[in-house]
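Line order of the protein sequences matches chains A and B. By full-length UniProt numbering, the letter at position 148 of the first sequence is numbered 148, and the numbering carries on one by one without gaps. By full-length UniProt numbering, the letter at position 247 of the second sequence is numbered 247, and the numbering carries on one by one without gaps. Quick notes on the structure that follows.
Number of protein chains: 2
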Amino acid sequence: MSAIYDRVALIGLGLIAGSMAHAIREGGLAREVVGYARSAETRETAREINLCDRIVDSAAEAVADADLVVLAVPVGAMAAVAADIAPHLKPGATVTDVGSVKQSVIDAVAPHIPQGIHFVPGHPLAGTEHSGPRAGFASLFRNRWWLLTPLPDTDPAAVDRLTDLVRAMGAKTDRMEPAHHDLVLAVTSHAPHLIAFTMVGVADHLRRVTDEEVVQYSAAGFRDFTRIAASDPTMWRDVFLHNKDATLDILGRFTEELFVLQRAIRMGDGQQLFDYFTRTRAIRRGIIEAGQDTAAPDFGRIAPAG
Amino acid sequence: MSAIYDRVALIGLGLIAGSMAHAIREGGLAREVVGYARSAETRETAREINLCDRIVDSAAEAVADADLVVLAVPVGAMAAVAADIAPHLKPGATVTDVGSVKQSVIDAVAPHIPQGIHFVPGHPLAGTEHSGPRAGFASLFRNRWWLLTPLPDTDPAAVDRLTDLVRAMGAKTDRMEPAHHDLVLAVTSHAPHLIAFTMVGVADHLRRVTDEEVVQYSAAGFRDFTRIAASDPTMWRDVFLHNKDATLDILGRFTEELFVLQRAIRMGDGQQLFDYFTRTRAIRRGIIEAGQDTAAPDFGRIAPAG
C-alpha cells in the first residue's frame with residue numbers, strides 16, 4: 001500500500017489514536033506518524049512502546065507540516081486543542097477528529113479552523129473497555145464503521161482522501177448529517193452506556209447483597225454490563241454532556257418502555273412479556289447477519305481458568 | 001471418574017439439560033442418562049444428535065428407576081411437571097431443578113414431592129443466548145457457580161451427592177437461602193436482562209432511526225444488549241413472573257439511580273458523572289480478578305470477516 005498522507009499528527013494518544021498509529025504504520029499509509037498527548041506520562045509511555053515515529057512535547061510541534069491532523073481527545077477538550085493548533089496548521093492540511101459526538105465538536109472546532117484548511121469530522125465506531133496508549137492495536141477498525149460528517153462546503157477531494165485512509169485501516173465508511181449521527185449514536189451507544197453505568201451503580205449501592213456476591217455471581221448477565229461500564233470516565237462524561245438532548249430523549253423513551261414492562265410484571269401479563277422478548281430476539285439475528293457481532297454463544301468467551 | 005448416579009433423568013432438553021447430558025456422559029458421571037421433552041420435535045432432534053442414552057416419550061417413563069431427576073423446564077412449568085412425575089419417582093431418589101428463581105419453584109414443586117424423595121433445588125449460573133437441544137455443550141458449567149438452596153430438613157447425604165455431580169461437571173457450588181438467592185439473582189441477572197430487553201425494544205420502536213442503522217452501527221455498545229435480549233422468551237417471561245418482588249425492587253432502585261444521572265446530564269454536572277463512572281469501573285476489575293470474565297478487550301471478540 002502506498003502512503004496516503006505524508007505526515008499524520010495524532011493529538012491525544014489513547015485507544016483510538018494508538019490503534020491508528022499501529023494501523024497506519026503497519027500498512028505504510030503515511031510516511032511519518034507524529035504523536036502528542038497533554039500528559040507527560042502518556043508521552044513517556046508512547047515513547048517506551050515506540051507507538052509513533054516521533055512523540056513531541058507540544059501540539060504545535062506535532063501539527064507542523066502535517067497534512068492530516070487527528071484530534072483524538074475527549075469531546076470536551078476539542079475546542080481548546082483546536083484553538084491551540086490553529087496557528088500552526090499547514091495550508092491545505094486536513095483536520096479530522098474521532099469524537100463520539102459530532103454536532104458539538106463541529107460547533108467547538110470549526111470556528112478555529114483557518115481558511116484553506118479542510119475540517120472533516122469523523123467517528124470510528126470501534127473501541128474496547130480499555131484506554132490509554134497501551135490499549136491500541138492495528139486491527140481495531142477492521143470491518144467496523146467509521147462515520148464521516150463533512151460540512152456542506154468541504155472540499156470533496158479532502159473527504160475522499162480521508163475516506164481512503166479509513167478504508168485502508170480496514171474500516172467501512174458512510175457519510176451522515178451530524179445531528180442524525182448524534183441521534184443514531186444516542187440509541188446504539190450513548191444510552192446503552194449510561195444504562196450500563198447505572199445498573200452497575202445499583203449493584204454497587206445495594207447493601208443487602210454483598211459486593212462479593214455481585215462479583216461471584218455476575219456471569220448470569222451482569223458481567224456484560226460491567227464491561228461497558230469499565231469504559232473511560234472522562235470520555236463518557238464528555239459524551240453525555242455534549243450529546244445531552246439526544247441522550248435525554250432516548251433515556252426518556254427507555255424509561256417509558258421500562259415502566260410498561262415493569263407494569264406487565266406487576267400485573268402478571270405473561271403474554272405481553274413473551275411477545276416483547278420475541279421481538280427483541282429478532283434484532284440480534286440482524287446484527288449477526290450484518291457481520292457486526294459474532295454468532296458464537298456468549299461472544300465466544302472461553303470459560304476462564306480457575 | 002466413577003459414576004455418581006446410576007440413572008439420571010433429564011426433564012426438558014434445552015441448553016442446560018443438553019449441557020448436563022454432554023458433561024455427564026463425557027465424564028462417565030452416571031451409568032445412563034434418560035431424556036424427555038414435552039415437544040415431539042425436541043425429542044426427535046435429541047434422538048438425531050444422540051443427546052442422551054435414551055429419549056423417552058413420557059416424563060413418567062423417564063423418571064422410572066432414576067436416582068436423580070433434573071427438572072430443566074421453564075420456571076412456570078415446574079409445578080405441572082412435578083405433579084406429573086410424582087407417582088413414578090423411585091423411593092430414595094433425588095429431585096433437583098435448574099430454575100433461575102428458587103422460592104417460587106420450591107413453592108410449586110415441594111408439595112408434590114412424596115415422602116422418601118429428596119428435593120434439592122438448584123441453579124447453575126451458566127448459559128448462553130442460544131436455546132434448544134442443539135445448544136448444549138459439555139464445558140458450559142466449567143468454573144461457573146451452581147447454587148443449591150436445600151430446605152432445612154433435606155437429607156445432607158443427598159445434598160452432598162448432588163454437590164459431587166455438580167463439581168464433577170466443572171462447576172463451583174455454594175448453598176444459599178432461597179429468598180436471598182432470588183434477590184442476588186435479581187441484581188446480577190434478572191434486572192439486567194429486563195433492561196437489555198427494554199433497550200433493544202426502544203431501538204426497535206424508534207422510527208427516526210431506521211432498523212438498518214441500528215443494526216449496522218451496533219458495535220458501539222448496543223450489540224452487547226442484543227445478545228442478552230436474544231435469550232429464550234419463555235424462560236425469561238417465567239423468571240420475571242416468578243421473581244416479581246425482587247425484580248421490581250431492583251428495577252425501582254435502577255430507575256431512581258438513572259434519574260439521578262439523567263439529572264446530572266441535564267444540569268451539566270460533569271463531576272458527578274465522572275465520579276460515578278470511576279466507581280463502576282472498579283467493579284469490572286473485581287469480576288475479572290474473581291475469574292468470572294475474560295480480561296481480553298471486548299470479550300476477546302475477533303473482528304468478524306466481511
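Note that beta-carbon positions come from the ideal geometry of N, C-alpha and C, so glycine has one too.
Outcome for residue i when other beta-carbon atoms lying within 10 angstroms are tallied against a minimum of 16
{"i": "B:S39", "result": "exposed"}
{"i": "B:H205", "result": "exposed"}
{"i": "B:T247", "result": "buried"}
{"i": "A:I302", "result": "Caution is warranted here: a pLDDT of 49 is assigned to A:I302, below 50, making its placement in the model unreliable, and the coordinate value is therefore given only provisionally. By the 10 Å Cβ count, A:I302 comes out exposed."}
{"i": "B:F259", "result": "exposed"}
{"i": "A:T234", "result": "buried"}
{"i": "B:E41", "result": "exposed"}
{"i": "B:S231", "result": "buried"}
{"i": "B:A62", "result": "buried"}
{"i": "A:R253", "result": "buried"}
Neighbourhood of residue i by C-beta distance below 7 Å, restricted to the same chain and skipping five residues each side
{"i": "B:G18", "result": "L51, P133, A135, G136"}
{"i": "B:S58", "result": "Y36"}
{"i": "B:D174", "result": "W145, L147"}
{"i": "B:P114", "result": "A86, L89"}
Beta-carbon neighbours of residue i, restricted to chain A and to distances below 7 Å
{"i": "B:G221", "result": "T188, S189, P192, H193, I228"}
{"i": "B:V200", "result": "T280, I283"}
{"i": "B:G268", "result": "L241"}
{"i": "B:E257", "result": "T198, G201, V202"}
{"i": "B:I113", "result": "Simply none; closest approach about 26 Å."}
Inter-residue CB distance, residue i and residue j (contact presumed, cutoff 8 Å)
{"i": "A:M199", "j": "B:I195", "result": "6 Å"}
{"i": "A:D182", "j": "A:V101", "result": "6 Å"}
{"i": "residue 326 of chain B", "j": "B:L241", "result": "Nothing can be reported for residue 326 of chain B, as the shown portion of chain B is limited to 1 through 306."}
{"i": "B:E32", "j": "B:D53", "result": "5 Å"}
{"i": "B:D97", "j": "B:L71", "result": "4 Å"}
{"i": "A:T94", "j": "A:A158", "result": "5 Å"}
{"i": "B:D283", "j": "B:A191", "result": "Note that residue 283 of chain B is Ile in the sequence shown here, rather than Asp. With 8 Å as the limit, B:I283 and B:A191 do not qualify as a contact, their Cβ atoms being about 15 Å apart."}
Beta carbon proximity, residue i to chain A, threshold 8 Å
{"i": "B:M169", "result": "no"}
{"i": "B:L51", "result": "no"}
{"i": "B:F254", "result": "yes"}
{"i": "B:A21", "result": "no"}
{"i": "B:L206", "result": "yes"}
{"i": "B:G122", "result": "no"}
{"i": "B:R237", "result": "yes"}
{"i": "B:V98", "result": "no"}
{"i": "B:I24", "result": "no"}
{"i": "B:L151", "result": "no"}
{"i": "B:I16", "result": "no"}
Neighbour flag for residue i against chain B, beta carbons, 8 Å
{"i": "A:Y217", "result": "yes"}
{"i": "A:V73", "result": "no"}
{"i": "A:W145", "result": "yes"}
{"i": "A:K102", "result": "no"}
{"i": "A:T247", "result": "yes"}
{"i": "residue 315 of chain A", "result": "Residue coverage of chain A in this structure runs from 1 to 306, which leaves residue 315 of chain A outside it and unanswerable."}
{"i": "A:L125", "result": "yes"}
{"i": "A:D107", "result": "no"}
{"i": "A:L148", "result": "no"}
{"i": "A:I250", "result": "yes"}
{"i": "A:I265", "result": "yes"}
Within chain A, partners of residue i - CB distance below 9 Å
{"i": "B:Y5", "result": "Residues of chain A passing the Cβ test: none, with the nearest at roughly 24 Å."}
{"i": "B:V214", "result": "V184, V187, T188, I283, G286, I287"}
{"i": "B:A290", "result": "E212, V215, Q216, S218, G306"}
Per-residue contacts from residue i into chain B (C-beta, under 8 Å)
{"i": "A:E129", "result": "R284, P297, D298"}
{"i": "A:K90", "result": "Residues of chain B passing the Cβ test: none, with the nearest at roughly 32 Å."}
Interface partners of residue i on chain E, CB under 7 Å
{"i": "A:P233", "result": "Among the protein chains in the structure shown, which are A and B, there is no chain E."}
Residues that residue i contacts on chain B, provided the C-beta gap is smaller than 9 Å
{"i": "A:D182", "result": "Here the premise fails: no neighbours, minimum Cβ distance about 11 Å."}
{"i": "A:D293", "result": "S218, A219, R223, D224, T226, R227, R301, P304"}
{"i": "A:L261", "result": "L194, F197, T198, G201, F240, L251"}
Contacts of residue i in chain B (Cβ-Cβ under 7 Å)
{"i": "A:I55", "result": "The premise fails here: A:I55 is roughly 23 Å from chain B at the closest Cβ pair, so nothing lies under 7 Å."}
Cβ-based neighbour list, residue i, same chain, cut-off 6 Å, excluding 5 preceding and 5 following
{"i": "B:V214", "result": "A203"}
{"i": "A:A46", "result": "L13, G35, I55, P133"}
{"i": "B:E177", "result": "none"}
{"i": "B:A82", "result": "V109, H112"}
Where residue i meets chain A, residues with beta-carbon distance less than 8 Å
{"i": "B:A203", "result": "V187, T188, I283"}
Own chain residues within Cβ distance below 8 Å of residue i, not counting five before or after
{"i": "A:A60", "result": "D84, I85, P87, H88"}
{"i": "B:K172", "result": "N143, R144, W145, W146"}
Cβ-heavy atom distance, residue i to the ligand ZN, below 7 Å
{"i": "B:R134", "result": "Among the components modelled here there is no ligand, and therefore nothing to report on the ligand ZN."}
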